[in-house]
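Okay, structure first, notes after.
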Amino acid sequence: MTKSLILLFPISAMAKLHFDPSMIDGNADSVSDLSQFEREGTQLAGAYPVDIYLNGNNVASRIIGFMPAQNSAEAHDVTGLVACLSKKDLLAMGVNISAFAALNSRADDYCVSLGKDIPGAYSAFDFSNMRLDISMPQAAMQTQPHDWIAPERWDEGINAALLSYQFSGSENSGRYGNSSSHYLNLNSGINFGPWRLRDNSSWSDYESRNGYHSGWQHLNTSVQRTIIPLRSELTMGDSSTSNEVFDAVSFRGVELATDDNMYPDTQRGYAPEIRGIARSNAQVSILQQGNVIYRTFVAPGAFVINDLFPLSTGGDLELEVKEADGSVRVSAIPYASIPLLQRQGHLRYALTAGEYRRSGSNYATPSFVQGTLLWGLPHNITAYGGAQLAEEYQAIALGAGINLGVLGAISADVTQANSTLPDGARQNGQSLRFLYGRTLASTGTTLQLAGYRYSTQGFHTLEETALKPNSGGYDNLNSNKRERLQVNITQQIGDSGSLTLSGSHQTYWHNAAAADTLQAGFNSHWGSVSYSLAYSYSQQDGQPHPDKAVLFSLSVPLTFGSAHDSSKQHQVWATSTTSRDGDGNLSQQTGLSGTALEENNLNWSVTQGYGQREGTNGDASLDYKGTYGNVAAGYGASNGYRQLRYGASGGIVATGSGVTLGQPLGTTNVLVAAPGAAGVPVENETGIHTDWRGYTVVPYASVYRENRVTLDVSHLNDNVDIDDAVTRVIPTRGALVRADFSAHTGVRALVTLIFNGKPVPFGAIVSAGDAASSGLVGDEGQVYLSGLSAKGIISAKWGNEANQQCSAHYQLNENNLQQSLIQIQQICK
1 MTKSLILLFP
11 ISAMAKLHFD
21 PSMIDGNADS
31 VSDLSQFERE
41 GTQLAGAYPV
51 DIYLNGNNVA
61 SRIIGFMPAQ
71 NSAEAHDVTG
81 LVACLSKKDL
91 LAMGVNISAF
101 AALNSRADDY
111 CVSLGKDIPG
121 AYSAFDFSNM
131 RLDISMPQAA
141 MQTQPHDWIA
151 PERWDEGINA
161 ALLSYQFSGS
171 ENSGRYGNSS
181 SHYLNLNSGI
191 NFGPWRLRDN
201 SSWSDYESRN
211 GYHSGWQHLN
221 TSVQRTIIPL
231 RSELTMGDSS
241 TSNEVFDAVS
251 FRGVELATDD
261 NMYPDTQRGY
271 APEIRGIARS
281 NAQVSILQQG
291 NVIYRTFVAP
301 GAFVINDLFP
311 LSTGGDLELE
321 VKEADGSVRV
331 SAIPYASIPL
341 LQRQGHLRYA
351 LTAGEYRRSG
361 SNYATPSFVQ
371 GTLLWGLPHN
381 ITAYGGAQLA
391 EEYQAIALGA
401 GINLGVLGAI
411 SADVTQANST
421 LPDGARQNGQ
431 SLRFLYGRTL
441 ASTGTTLQLA
451 GYRYSTQGFH
461 TLEETALKPN
471 SGGYDNLNSN
481 KRERLQVNIT
491 QQIGDSGSLT
501 LSGSHQTYWH
511 NAAAADTLQA
521 GFNSHWGSVS
531 YSLAYSYSQQ
541 DGQPHPDKAV
551 LFSLSVPLTF
561 GSAHDSSKQH
571 QVWATSTTSR
581 DGDGNLSQQT
591 GLSGTALEEN
601 NLNWSVTQGY
611 GQREGTNGDA
621 SLDYKGTYGN
631 VAAGYGASNG
641 YRQLRYGASG
651 GIVATGSGVT
661 LGQPLGTTNV
671 LVAAPGAAGV
681 PVENETGIHT
691 DWRGYTVVPY
701 ASVYRENRVT
711 LDVSHLNDNV
721 DIDDAVTRVI
731 PTRGALVRAD
741 FSAHTGVRAL
751 VTLIFNGKPV
761 PFGAIVSAGD
771 AASSGLVGDE
781 GQVYLSGLSA
791 KGIISAKWGN
801 EANQQCSAHY
811 QLNENNLQQS
821 LIQIQQICK
């Protein structure tokens, strides 16, 4: 009987399967001890990469050790194995270890016996799916929300130096001469344990026939760390207060504030998205408190900025659009959010002490202290308030919010302020604020209404009292804000359309002028064709004429590439936009845009248009995202004007493992470490591959949440294997956490082992030192091994006796090292 006939036996009907060695080979001595496989599904003990499910919820993915079950009571699957879980493993999953006296005296690395040490608990190993299910009695679990992640699993990260840079520049030529400009923003930092040092600086220059100007500008420096027991963040240096109770204030000092990200999503109750319209190839800048915090170039038409990283958590922004003809439009962007309703019993606080800080020479730096508190009460009520105290300014605020169910949510507060103005006059006043939000699911309507009304002209803010006497903004004290109304409405129309409307109206004391903004838009699609209509209106105090624009756009998707493999298809959009400004000038733009390269990490666009103001115009641009950073370039031309644009952005981290280049860094980042695995893509991360050493950086990790990092092993070199291509990390704020992957570099081989003139017995266990894998001997003494080095020792074992194990020294030649799979034969002694 041949060996292949063994697989034809109907083993499913057997309670126990017996492997008769003589059925495999006439000589039973040529077959190893196979008793461990006599039960269907039995597996070898060892370490396996598994997805761990606790009471049905996926809680982790890691390599877990498995041991043979000592008795049938321990075994809850067909593998005959039980998981070896440490006290630390179970504690991280939320198991209340302290409730079991038998475990309290055990070492942290003690292998917990589920069922014995924790009555009623057990594990089941689904070998085919590499899934470990753990059943844990509810009484053995800590009382926590289902999405709770134990702080013991939070990772403070590794020590590192970090730098994120953004560079942009342009070379311009036109009827008024040539000019050039450059802008560089640097975010640098050092991580040491839980401490984060951060600095933000920028450099810019401008050269024209009128001269050359350049200079550095320091924006802020701060030191931060997480205070885990308080669920809070400590900040020392330059920062800004929140705008939940008082207007946001920039300061240099110290702040201790609640970080709601440390709480599960089920226990938690914004840079804004900025929209605008460009008439030409324009430079768009976002300013906060006089500082440029964002700059980019946009094509003609509607644009959206949704990747803004403000200097603070609040404070109005300015949108500056510099058109190709040199004209500049500036509009105010209200940046505020309604106070969050808190869950019953939840306390949110912030304590601040320092100096008021604002760029420019018109403001003094008075010392102040501030405290705010939001407290969740029964019956869906939240009480909140605070105090803001300085030598020349004292303010107290009290308010409450309530969830009214179908009627929406509303909050109202009043602030009493006593101020000493720069001229020495003492004034006092009150400010009443109300906020309202409601979503009508039946009609698809979302309404947010925010109104600010200053009931007396004697009300002032800390910012106004910080003005220096006779400064440029002094006159504003005589026309301080009186009433402000802000409305945001979103309406779903059918299954595909949406209408948005947002506007604000601001009036002043002793000033008939008002500031008004209005943005309206309609977006929908017909099949795969999308279209939109947008309108904008802005009238600012002191502006002689309002800035108005209306725009219609149409986008038709096209594809090219493989018709059978969607991963090899590249999307192309044909677009057309028509716009009209407040002066009646029409413009038309038509173009193509799309993606290219294997990972669609090259964006390109080509447009051609005509405008009544600038005449014929055209533009082309490229934007590439790569392993070592991003680069961009573009060229635009219109009547009598030419512009060449270019830019680069990226990140650099220096750790004990060396220097790694990557794409621009976020607040929190992941260092992927797979030494030896070069050029491997990170799944779901456009353009990010491991570098020549096997390292790369994944930016913008989610703080206090599980981040799944996966390597695409289909791109591994032929001589590289990875034990587990998936790992999970849970970083604290600002951390650089390390995601380790065990990569083995070496040759893949089918090895035939000869022992005493005969093949090593069938079923013997074979390993090769630190190689990536071990294996079982098959027919004729052959075994598959990967990760073999140029020379080493291969060991085989098929029993416990001295004559049931052997080892072989091997050395591969240069030709072997160049092949993806080799076959070798070795004498085993």
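Numbering (full-length UniProt numbering), first residue to last: 1 to 829.
Even for Gly, the Cβ is constructed at its ideal location relative to N, Cα and C.
- A direct Cα-Cα distance of roughly 18 angstroms separates residue 110 from residue 45.
- Excluding residues up to 5 positions away in sequence, 550, 586 lie with their Cβ nearer than 6 angstroms to the Cβ of residue 580 in the same chain.
- The beta strand (DSSP E) runs lying completely inside the stretch 527-603 and spanning 3 residues or more are 529-539, 547-561, 569-581, 586-596, given in chain order.
- Comparing C-alpha distances from residue 394 to each of 403, 383, 420 shows the shortest one belongs to 420.
- Distances from the CA of residue 646 to each of 670, 629, 621, 627 were compared; the closest alpha carbon is that of 621.
- Here the C-alpha atom of residue 68 lies approximately 9 angstroms from the C-alpha atom of residue 79.
- Bounds of the beta strand (DSSP E) holding residue 727 are 726-729.
- In this structure, DSSP gives residue 57 an extended state, which the three-state scheme calls strand.
- Here residue 171 has 180, 644 as same chain residues with Cβ atoms under 6 angstroms from its own Cβ, once five neighbours each way along the sequence are excluded.
- Between the alpha carbons of residue 125 and residue 728 lies a distance of about 20 angstroms.
- For residue 465, the enclosing alpha helix (DSSP H) starts and ends at 462-465.
- Ranked by Cα distance from residue 154, the options 797, 760, 702, 814 are led by 702.
- Straight-line spacing of the CA atoms in residue 820 and residue 805 works out to 29 angstroms.
- Between residue 323 and residue 280, the C-beta gap is smaller than 7 angstroms, which places the two residues in contact.
- Residue 481: member of the beta strand (DSSP E) spanning 481-493, first to last residue.
- Residue 106 sits in coil when the DSSP states are folded into three classes, being neither helix nor strand.
- With a beta-carbon spacing of about 6 angstroms, residue 48 and residue 66 fall inside the 8 angstroms limit used to define contacts.
- By the Cβ test, the stretch 344-364 is in contact with the stretch 245-259, since at least three Cβ pairs between them sit closer than 8 angstroms.
- Annotated three-state conformation of residue 401 is strand, per DSSP.
- The beta carbon of residue 236 sits closer than 6 angstroms to those of 223, 254, all from its chain and outside the five residues before and after it, given in chain order.
- The beta carbon of residue 686 lies closer than 8 angstroms to those of 599, 600, 601, 625 in the same chain, with the five residues before and after it left out.
- Of the candidates 795, 787, 377, 136, the residue whose Cα lies closest to the Cα of residue 753 is 795.
- By the neighbour-count definition (other C-beta atoms within 10 Å, threshold 16), residue 496 is an exposed residue.
- The beta carbon of residue 782 sits closer than 6 angstroms to the beta carbons of 750, 752 from its chain, once the five residues preceding and following it are set aside; these are given in chain order.
- Non-local C-beta neighbours of residue 318 in its own chain, meaning closer than 8 angstroms and more than five positions away in sequence, comprise 286, 287, 288, 330, 331, 332, 333, ordered along the chain.
- Excluding the 5 residues flanking it on each side, residue 58 has same chain C-beta neighbours closer than 8 angstroms at 51, 52, in chain order.
- Where residue 92 is concerned, the enclosing alpha helix (DSSP H) starts and stops at 87-92.
- Residue nearest to residue 518 within the set 539, 507, 529, 512 is 539 (criterion: CA-CA distance).
- With the rule of 3 Cβ pairs closer than 8 angstroms, the stretch 128-143 does not count as touching the stretch 626-643.
- Annotation for residue 797: 765, 805 place their beta carbon closer than 6 angstroms to its own, counting only its chain and skipping 5 residues before and after.
- Between the alpha carbons of residue 43 and residue 70 lies a gap of roughly 14 angstroms.
- Per DSSP, the beta-bridge partners of residue 225 are 195, 234.
- If the five residues before and after residue 747 are omitted, its C-beta is found closer than 7 angstroms to the C-beta atoms of 719, 788, 812, 816, 817, 822, all from its own chain and listed in chain order.
- Take the alpha-carbon of residue 424 and the one of residue 412: they are about 32 angstroms apart.
- Distance check between residue 366 and each of 454, 397, 418, 462 places 462 closest, using alpha-carbon atoms only.
- Per DSSP, the beta-bridge partners of residue 807 are 795.
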